[in-house]
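For reference, the structure is listed below as structure tokens.
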Amino acid sequence: CKGLTSLTLGASVLSIGGNAFSHCIGIASLVIPDSVKTIGSYAFFGCKGLTSLTLGASVLSIGGNAFSHCIGIASLVIPDSVKTIGSYAFFGCKGLTSL
């Protein structure tokens, strides 16, 4: 995903698989639509350029290491729908100051 700077997920996306966008360091902004129920392990691991992240209102589970080492994320609102957050889901997110 070299050179990928933006990502738009359609309303038909129900799940984001493991390692789907791992190490896509150019992605700066990500909106996960309400249609998405699960975010797989390591889905966005190491997306260091990610500074804006919005989780859809229907996300049920966030896999282990899903957003690990996304150092640009400063704040995040986890919707009430989330039932499971995997181990180290936000590990190494050094910029994260508000949850």
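Numbering (full-length UniProt numbering), first residue to last: 1 to 99.
Using N, Cα and C, we set each Cβ at its ideal position, and we do this for glycine too.
Treat the numbers as computed from the prediction; the structure is a model and nothing was measured.
| Query | Result |
| --- | --- |
| Residue range of the unbroken beta strand (DSSP E) whose run includes residue 13 | Taken as a continuous stretch (DSSP letters only), residue 13 belongs to no beta strand (DSSP E), as it is neither H nor E. |
| Distance CB(residue 62)-CB(residue 82) smaller than 8 Å | yes |
| Sequence-distant residues of its chain with Cβ nearer than 8 Å to residue 48 (five each side left out) | 25, 69, 70, 71 and 72 |
| DSSP beta-bridge partners of residue 51 | Per DSSP, none; premise fails for residue 51. |
| C-alpha distance - residue 5 paired with residue 28, whole-angstrom precision | 6 Å |
| Three-state class that DSSP yields for residue 81 in the structure shown | coil |
| Residues that residue 97 bridges to, as DSSP identifies them | According to DSSP, which records beta bridges pairwise, residue 97 is partnered with nothing at all. |
| Classification of residue 74 by the beta-carbon crowding that lies within 10 angstroms, buried from 16 upward | exposed |
| Supposed close pair residue 11, residue 33 - CB separation, criterion 8 Å | 6 Å |
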